[in-house]
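Residue numbers (the numbering used here): 960 to 1200. The beta carbon of each residue, even a glycine, is placed where N, CA and C say it ideally should be. Here the structure is a predicted model, which is why all the values come from computation and not from measurement. Take a look at the structure below.
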């Protein structure tokens, strides 16, 4: 029987999010309940019940951090943020401040979730930028249109775009006028009209007629390529922390 791949992908995504958020939510609920039991002086919530309760709440969010701390130590990085966080929170348990130890680790775990979300958004941005970069471009050589890879085009060469095609490289408009969809670059849905001599950027979409553009920057030096490079570098930095 055929399966709907989009439904399967959605299901996997849902499961992944559930596995990500369940430990944090569970730890938070246990922490709040534990503090409430303490404040209400519940008879059952005494040692060792309270200790076991808070250990469970701690391990839900702290076990992965503790494991990462051990990995860093094995790699020679003793004073990593994971090690310091583990020492601080375990120390809180040793002096009897169970809820404080859980709270500190929980706040750290929430911060990690926000950072992971930022990395995920950046990765989606990279994919979106890659999607708007054309794989081919029509360049005029010896008076004839030739389809080549954008990285093969040199500064000063003339490229052509039909209606609906994406501009592959930064350049100067040679046609009298042209209208572009710049939503992928600027987020603006309104068409951007250019006249002869004005700059056009890689990633814009030609909307009306066949146009000619004189290339002013190599493919790797286009503004779109630089934006993509900066996003990738930022994502790599966030992924390492």
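Looking at 1044, 1132, 996, the one whose alpha-carbon comes closest to that of residue 1168 is 1132. Take the alpha-carbon of residue 1187 and the one of residue 1027: they are about 31 Å apart. 7 Å or more divides the Cβ of residue 1058 from the Cβ of residue 1014. One thing to note: residue 1020 has its Cβ within 7 Å of the Cβ of residue 986. When rounded, the separation of the alpha-carbon atoms in residue 1135 and residue 1181 is 23 Å.
In the DSSP assignment, residue 1118 is bridged to 1098, 1172. DSSP places residue 1139 in no alpha helix (DSSP H) but in the uninterrupted beta strand (DSSP E) bounded by 1136-1140. Of the residues 1064, 1036, 1040, the one whose Cα lies closest to the Cα of residue 982 is 1064. Taking 4 residues as the shortest admissible run, the stretch 1008-1033 contains the following complete alpha helix (DSSP H) segments, listed from N- to C-terminal end: 1008-1033. DSSP places residue 1129 in the coil class of the three-state scheme, outside both helix and strand. Contact holds between the stretch 1170-1185 and the stretch 1106-1117, because three or more Cβ pairs, one in each stretch, are under 8 Å apart. The Cβ atoms of residue 1077 and residue 1127 lie no closer than 7 Å to each other.
Around the beta carbon of residue 1012, a 10 Å sphere encloses 16 or more other beta carbons of the protein chains shown; the residue is thus reported as buried. Taking C-beta separations shorter than 8 Å and ignoring five residues to either side along the sequence, the partners of residue 1045 in its chain run 1021, 1024, 1025, 1028, following chain order.
Using a 10 angstroms sphere on the CB of residue 978, the tally of other CB atoms stays under 16, which defines it as exposed.
Here the alpha carbons of residue 1080 and residue 1130 stand approximately 30 Å from one another. Excluding sequence positions up to five before and after residue 1148, its CB lies within less than 7 Å of the CB of 1142, all in the same chain and listed in chain order. CA-CA distance, residue 1092 to residue 1138, rounds to 19 Å. When secondary structure is reduced to three states using DSSP, residue 1153 falls in the strand class. Taking all protein chains shown into account, residue 1120 has 16 or more neighbouring C-beta atoms within 10 Å of its C-beta and is therefore buried. Distances from the CA of residue 1118 to each of 1060, 1053, 1159, 1146 were compared; the closest alpha carbon is that of 1159. Residue 1186 carries a helical assignment under DSSP once its states are collapsed to helix, strand and coil. In this structure, residue 1095 lies away from residue 1104, with their beta-carbon atoms at least 7 Å apart. In the DSSP assignment, residue 1105 is bridged to 1098.
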